[in-house]
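**Student:** Got a structure for you, questions after.
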Amino acid sequence: MFLRNPKIVLVSLLIAAIWPVSSAAAYENQITLGGDLGFAERFADEGPRHGGTLGLLSSIGLDDIWSARARFSYSIHHSAGLLHVFLVSTEILYLIDILEFVPYLGVGPDGVATLYEDELQLDAAIHAVFGVDYLFSRELIFGLEARPMYFLSRTGLHTARLAAVFTVSYSFEM
Numbered sequence: 343m344f345l346r347n348p349k350i351v352l353v354s355l356l357i358a359a360i361w362p363v364s365s366a367a368a369y370e371n372q373i374t375l376g377g378d379l380g381f382a383e384r385f386a387d388e389g390p391r392h393g394g395t396l397g398l399l400s401s402i403g404l405d406d407i408w409s410a411r412a413r414f415s416y417s418i419h420h421s422a423g424l425l426h427v428f429l430v431s432t433e434i435l436y437l438i439d440i441l442e443f444v445p446y447l448g449v450g451p452d453g454v455a456t457l458y459e460d461e462l463q464l465d466a467a468i469h470a471v472f473g474v475d476y477l478f479s480r481e482l483i484f485g486l487e488a489r490p491m492y493f494l495s496r497t498g499l500h501t502a503r504l505a506a507v508f509t510v511s512y513s514f515e516m
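Rendered as structure tokens:
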């Protein structure tokens, strides 16, 4: 009966998300270095839509629930021509530390460089990130995340983007 009522489930998840978590602290005083590999979908007026993406990332645990992360990623989209997308992103993450599994959400700004048909275009964007990490060990982390992105400059080459990636990170003490 509990799972059949979506309001009760939503309220329970909201309470769990904002309830103070203090004992696990998976990323506190930790630096992580890693990479990601996945799929990206562009929502645009022109150019190819589907593509692969890979990236490098690094984060620093600010305290037991907050982390700051920087990312550089590259996507290639192919149809009639090649479209290359380079992203530089920063984000602040809110971690819901549940021992081995660490769900998180965050937001941040992006700088985007796109090369399509020998034309380079620069854009500004903002994104959200929703993910979950699995702490295989104190040092090795596997994760899945979704990254919806909205372009601010609205130049026509991009309007929005959605990426889903698998991440692997190595964590060490500061």
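In my numbering, each number is its position in the sequence shown, counted from 1, plus 342.
Using N, Cα and C, we set each Cβ at its ideal position, and we do this for glycine too.
Values in this document were obtained by computation on a predicted structure and should not be read as measured data.
Comparing C-alpha positions only, which one of L486, T456, F508 and A470 sits nearest to S495?
**Tutor:** The candidate whose alpha carbon is nearest that of S495 is T456.
**Student:** Check S364 in the structure and name its three-state DSSP category.
**Tutor:** Because the pLDDT at S364 is just 42, under 50, the model does not fix this residue reliably, and the value given afterwards should be weighed accordingly. Note: S364 maps to coil in three-state DSSP.
**Student:** Going by Cα to Cα distance, which pick from Y436, T432 and L375 is closest to D406?
**Tutor:** When each option's Cα is compared against that of D406, the closest is Y436.
**Student:** Would you be able to state if there are at least three C-beta pairs under 8 Å between the segment 388-403 and the segment 419-436?
**Tutor:** Counting Cβ pairs under 8 Å, three or more are found: they touch.
**Student:** Can you pull the DSSP bridge partners for P451?
**Tutor:** Note: P451 sits in a beta bridge opposite I468.
**Student:** For the putative contact between D465 and F493, defined by C-beta atoms under 8 Å, what is the C-beta separation to the nearest angstrom?
**Tutor:** About 5 Å; that satisfies the 8 Å criterion.
**Student:** If you compare alpha carbons, which of L499, I373, E515 and L396 is closest to R384?
**Tutor:** The shortest Cα separation from R384 among L499, I373, E515 and L396 belongs to L499.
**Student:** Between L375 and S400, is the Cβ-Cβ spacing less than 7 Å?
**Tutor:** Yes, these two residues count as a Cβ contact at 7 Å.
**Student:** List the whole-angstrom C-beta distance separating G508 from G380, where the pair is believed to meet the contact cut-off of C-beta under 8 Å.
**Tutor:** Here residue 508 turns out to be Phe, not Gly, going by the sequence shown. Between G380 and F508 the Cβ distance is about 6 Å, and since that is below 8 Å, they are a contact.
**Student:** Entirely within the segment 369-407 and at least 3 residues each: give me those beta strand (DSSP E) ranges in chain order.
**Tutor:** For the segment 369-407, whole beta strand (DSSP E) runs of length 3 or above, ordered along the chain, are 372-385 and 392-403.
**Student:** For the putative contact between G453 and V430, defined by C-beta atoms under 8 Å, what is the C-beta separation to the nearest angstrom?
**Tutor:** Confirmed, about 5 Å.
**Student:** Should V444 go down as buried or exposed, given a rule of 16 or more other Cβ atoms within 10 Å for buried?
**Tutor:** Result: buried.
**Student:** Roughly how many angstroms lie between the CA atoms of V449 and Y476, to the nearest whole one?
**Tutor:** If you take the alpha carbons of V449 and Y476, they lie about 21 Å apart.
**Student:** Considering only the alpha carbon of each residue, which of M516, G485 and I468 lies closest to T501?
**Tutor:** When each option's Cα is compared against that of T501, the closest is I468.
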